[in-house]
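If you count by our numbering, then the sequence shown holds residues 203 to 333, one letter each, in order. Structure record follows, encoded as structure tokens.
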Amino acid sequence: MKTVITFGTFDVFHVGHVKLLKRAAALGDTLIVGVSTDQLNFSKKGRFPVYSEQDRMQIINSLRFVNFCFPEESLEKKAEYITYYGADVLVMGDDWKGKFDQFNALCEVVYLPRTPSVSTTELIEIIKSEV
Ligand code: C2G
């Protein structure tokens with residue numbers, strides 16, 4: 203049995219997120235997702251996500267190719283999460299390419315190509331410009 207783990211904010215959930223999670227799930231038998239907390243976003247980006255962490259987790263949990271999700275409280279805790287959940291593979295989008303290579307000591311690290319032309323930031327800009 204192969205366990206895959208991935209992390210993300212998944213704010214204003216869109217098809218780029220779906221495709222990333224589907225491809226991650228296809229790399230193993232179980233997909234576990236760390237959803238970054240509102241506080242983590244605030245400390246890294248200086249703003250809270252549009253959707254609350256409860257709502258973002260509810261969306262991720264309702265996907266049929268996701269087995270389980272948990273709140274990611276700190277970017278620095280990745281090694282702990284990988285070990286705790288017994289992950290065999292860490293998957294991230296290639297916007298993070300090279301950033302998590304140190305976890306190769308714990309599990310396989312795979313960067314998947316991002317889906318072009320869709321992003322939360324862009325969606326927020328479009329929605330803002332239409333009101
Ligand atoms: N993604 C993608 N294609 C897009 C947009 C996003 O494949 N068009 C992927 C990202 O590469 C990432 C995942 O979807 O792997 C979640 O994206 P974000 O919500 O932007 O995650 P991020 O804020 O980068 O994660 O430990 C990481 C943190 O949790 C932050």
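Backbone N, C-alpha and C define an ideal beta-carbon position, used for all residues, glycine too.
Kindly give me the distance between the Cβ atoms of residue i and residue j, rounded to whole angstroms, as I take these residues to be in contact under 8 Å.
i, j, result
"Leu314", "Phe302", "So it is not a contact: roughly 12 Å between Cβ atoms."
"Val235", "Leu222", "With 8 Å as the limit, Val235 and Leu222 do not qualify as a contact, their Cβ atoms being about 10 Å apart."
"Gly230", "Asp290", "6 Å"
"Thr232", "Thr205", "5 Å"
For the alpha helix (DSSP H) containing residue i, list its first residue and its last residue.
i, result
"Val220", "217-227"
"Ser245", "240-247"
"Glu282", "280-286"
"Glu310", "First-last for Glu310: 310-314, but that is the beta strand (DSSP E), not the alpha helix (DSSP H)."
"Glu255", "255-263"
Can you tell which of the options has its C-alpha closest to the C-alpha of residue i?
i, options, result
"Lys247", "Leu277, Thr208, Arg316", "Leu277"
"Glu324", "Val214, Glu255, Phe209", "Val214"
"Ala226", "Val268, Ser245, Tyr283, Leu308", "Val268"
"Gln260", "Lys279, Val237, Tyr286, Ala281", "Val237"
"Arg266", "Glu282, Ala228, Pro251", "Ala228"
"Ile326", "Ile207, Ile284, Val311, Tyr253", "Tyr253"
"Trp298", "Val312, Thr285, Pro273, Tyr287", "Val312"
"Glu310", "Phe272, Ala281, Gly218", "Ala281"
"His216", "Arg249, Arg258, Ser245", "Arg258"
"Met203", "Tyr283, Gly218, Tyr287", "Tyr287"
I'd like to confirm something about residue i: is its beta-carbon nearer than 7 Å to some heavy atom of the ligand C2G, or not?
i, result
"Asp240", "no"
"Gly300", "no"
"Leu222", "yes"
"Glu274", "yes"
"Phe267", "no"
"Asp290", "no"
"Val311", "no"
"Thr317", "yes"
"Gly295", "yes"
"Thr322", "yes"
Along the beta strand (DSSP E) that carries residue i, what are the first and last residues, could you check?
i, result
"Thr323", "Run containing Thr323: none in the beta strand (DSSP E); it sits in the alpha helix (DSSP H), 322-331."
"Thr208", "205-210"
"Pro273", "270-274"
"Gly295", "291-295"
Answer yes or no: does any C-beta atom of chain D fall closer than 8 Å to that of residue i?
i, result
"Thr285", "Here chain D cannot be found, since the structure has a single protein chain."
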